[in-house]
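A.B. asks: In terms of our numbering, the numbers along the sequence shown are unbroken and rise by one, the last being 159.
Here a beta-carbon is modelled for each residue, glycine too, at the ideal position from N, C-alpha and C.
Predicted, not measured: the structure shown is a model, and the values here were computed from it.
After the structure tokens below, expect a handful of questions from me.
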Amino acid sequence: QAEDGIRDQPRSRGLGDVYKRQIEHFLSPEELGELFSETILNIHPPTHDAFGMTIVESAAFGAPSVVHHAGAVGASELLQTIGVDVEAPTREFADKIEEILLDARTRVVAENAHSKALEWDEASFGHAVFDFLFSHIRNP
């Protein structure tokens with residue numbers, strides 16, 4: 020599917036086809052779902068992020084996330100992620116990503132994150148909010 024981007028076979032280093040995909044428009048929920056269903060590894064580069072929604076979104080589709088190991092990304096506290104130094108030199112960072120892609124433990128991280136991401140639905144969220152509010156009500 021080179022029509023999605025630019026084929027970058029020489030840089031794939033034996034990992035299969037690598038595509039550079041640039042999306043310059045907002046995606047519909049269906050388009051976003053399709054993109055995440057094709058994702059094998061989500062790289063979330065900010066060193067600090069209040070939540071990091073792509074971590075949960077990719078986990079829901081079974082893709083693990085790489086986050087900065089020394090940063091503060093809210094969703095990484097809820098889901099299992101893989102920590103790396105996103106500020107490392109490019110070659111070092113690329114080598115680490117290749118190592119992660121080839122590591123069988125990455126699939127375990129993905130499965131754990133996937134299960135955890137799908138635990139939350141409207142009902143469980145409603146129960147959590149109710150429990151939180153009920154625990155903070157003060158009786159006169």
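(1) Would you say G81 and E138 are within 9 Å of each other, going by their C-beta atoms?
(2) Assuming the contact rule is C-beta atoms closer than 8 Å, A132 and Q99 should be a hit. Round their C-beta distance to whole Å, please.
(3) In the DSSP assignment, find the unbroken beta strand (DSSP E) run with H87 in it and report its ends.
(4) Can you tell me whether V127 is helix, strand or coil according to DSSP?
(5) Under 7 Å Cβ to Cβ from S77, same chain only, skipping five residues before and after it: list those, please.
(6) Give the straight-line distance between the Cα atoms of G145 and V75, rounded to the nearest whole angstrom.
(7) Can you give me the C-alpha to C-alpha distance between A107 and T66, rounded to a whole angstrom?
(8) With burial defined as no fewer than 16 other Cβ atoms inside 10 Å of the residue's Cβ, what is the status of I101: buried or exposed?
(9) Which same chain residues end up closer than 7 Å to P159 when comparing Cβ atoms and leaving out the 5 residues on each side of it in sequence?
(10) Let me know the secondary structure DSSP gives G90 once reduced to three states.
(11) Given that a residue counts as buried once 16 or more other Cβ atoms are within 10 Å of its Cβ, and exposed if not, what is A94?
C.D. replies: Reading off the structure:
(1) For the pair G81 and E138, the CB atoms are not nearer than the 9 Å cut-off.
(2) Rounded to whole angstroms, the Cβ separation of A132 and Q99 is 5 Å, and the two are in contact under 8 Å.
(3) Element bounds for H87: 84 to 87.
(4) Helix, per DSSP.
(5) Answer for S77: F55, T58, N61, S84, listed in chain order.
(6) Between G145 and V75, the C-alpha separation is close to 18 Å.
(7) Here the C-alpha atom of A107 lies approximately 12 Å from the C-alpha atom of T66.
(8) So I101 ends up on the buried side.
(9) Note that P159 has pLDDT 46, beneath the 50 cutoff, so the model's placement of it is unreliable and no number is given.
(10) In this structure, DSSP gives G90 a state outside helix and strand, which the three-state scheme calls coil.
(11) The residue in question, A94, is buried, as its Cβ has 16 or more Cβ neighbours within 10 Å.
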